[in-house]
Structures are given as C-alpha cells and as structure tokens.
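Participant: With our numbering, the residue at position 42 of the sequence shown is 63, and numbering never jumps.
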Amino acid sequence: MRTAFDFSPLYRSSIGFDRVFNLLENASRLQAVDNWPPYDIARTGENSYRITIAVAGFAEGDLDITLEPNLLVVTGERNEEEGAEYLHRGLAALRFARRFELADHVKVGGASLANGLLIIDLVREVPEEMKPRRIAIAAGDATAKVAQI
C-alpha cells in the first residue's frame, strides 16, 4: 500500500520548490535496502559536510566520484586476482554505486582515501547575489536601493 501526500496546497504559496516536492515524492517510494558499503554523513561546520564510505580493499583506481547537477555518484569496482583459487571468500568484491542528492550550491571540496575509508568533503557556497539583502523604502518617486544585510 502506497501513501501519497498531496502537495497541491503548498504550490499556492511556494515558488521554485518543485525539486523539493519531487525529492519528497521519490523518498516515499519503496526502494530496495542497499546497505553496502556502509557510510556516514557528518556536518562539520555551518556550510560544510563530510561523507565517509568504508571501502576496504578498494584502491584509488577502483573508485570513481562523479558530480552531476545536484547529485554525487560514488562507484567502485574491484578487479579479481587472476589465478587465485579462493577457499573462503570473506572480503566483499562487489561493484557498488552510491548516490547522494545534493542541495543547490553544494560542491565537492576534496576527496581522500586512507585506511580503507573514502572521505569526501562537501561545501555549500551560496553566491553573493543569492544571500539575503535589505531593500530600502524610498519616499516619493525615488528608485528603491538595495543594501547588503
């Protein structure tokens, strides 16, 4: 049974939030549980975040990080050792693709691989023209002037 939310009342008073409503709609859909590789998402500052993914056994060449508009995709594929006969297989050698939806103006600050952990730093950089501004009210026929807050 799928429960759908009706966002139509929000459309009357909100402009430009179509993407948010689409994200909420997609999040409510039943998705397969994908819990490998494990990862953490941490807020490291007011405008900075860090994603840490456990990728033990993967080398730098086995991993790929792609930034698309509002989407960060991390993929990994390990090459098999040729000629090895495994008596027990306990280390995962699975291919994976992990997707992270990013808010507007979030950019990758850097990535590093150490001790089996892939660390991706993210920074939100809001352009100056997008920051709040105070609008002065002019008397009479004067043109309104904009001042930075």
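Where a beta carbon is used, it is the ideal one built from N, C-alpha and C, also for glycine.
This structure is a prediction, so every number in the text was calculated from the model and none was measured.
So what's residue 92 in DSSP terms, helix, strand or just coil?
Facilitator: Translated into positions along the sequence shown, residue 92 becomes position 71. The answer is strand: DSSP assigns residue 92 an E or B state.
Participant: I believe residue 97 touches residue 79 by the beta-carbon criterion, under 8 Å. Please report the beta-carbon distance rounded to the nearest angstrom.
Facilitator: By 1-based counting over the sequence shown, the position of residue 97 is 76. By 1-based counting over the sequence shown, the position of residue 79 is 58. At roughly 5 Å, the Cβ-Cβ gap stays under 8 Å, so residue 97 and residue 79 are in contact.
Participant: Since residue 62 sits in a beta bridge, which residues does DSSP pair it with?
Facilitator: Translated into positions along the sequence shown, residue 62 becomes position 41. Answer by DSSP bridge pairing, in chain order: 72.
Participant: How big is the Cα-Cα spacing for residue 86 and residue 161?
Facilitator: The residue given as residue 86 occupies position 65 in the sequence shown. The residue given as residue 161 occupies position 140 in the sequence shown. Roughly 56 Å separates the two Cα atoms.
Participant: Taking DSSP as the reference, what is the three-state secondary structure of residue 44?
Facilitator: Here residue 44 refers to the residue found at position 23 when the sequence shown is read from its first residue. Helix.
Participant: Classify residue 85 as helix, strand or coil using the three-state DSSP reduction.
Facilitator: By 1-based counting over the sequence shown, the position of residue 85 is 64. Strand at residue 85.
Participant: With a Cβ-Cβ cutoff of 8 Å, do residue 74 and residue 110 count as a contact?
Facilitator: Translated into the one-based positions of the sequence shown, residue 74 becomes position 53. Translated into the one-based positions of the sequence shown, residue 110 becomes position 89. Their beta carbons are not under 8 Å apart, which means residue 74 does not touch residue 110 by this criterion.
Participant: Near residue 41, what residues of its chain come up, given a Cβ to Cβ distance below 7 Å and the 5 sequence neighbours on each side ignored?
Facilitator: The residue you call residue 41 lines up with position 20 of the sequence shown. Nothing meets the Cβ criterion.
Participant: Spatial neighbours of residue 62 within its chain, please: CB distance less than 7 Å, with the 5 preceding and 5 following residues excluded, ordered by chain position.
Facilitator: Here residue 62 corresponds to residue number 41 of the sequence shown, with the count starting at 1. Closer than 7 Å at Cβ, skipping near neighbours: 70 and 72.
Participant: Going by other Cβ atoms of all chains shown within 10 Å of its Cβ, with 16 needed for buried, is residue 148 buried or exposed?
Facilitator: Numbered from its first residue, the sequence shown carries residue 148 at position 127. Answer is exposed; the Cβ neighbour count stays below 16.
Participant: Can you tell me whether residue 108 is buried or exposed? The criterion is at least 16 other CB atoms within 10 Å of its CB, across all chains shown.
Facilitator: Numbered from its first residue, the sequence shown carries residue 108 at position 87. Residue 108 should be labelled exposed.
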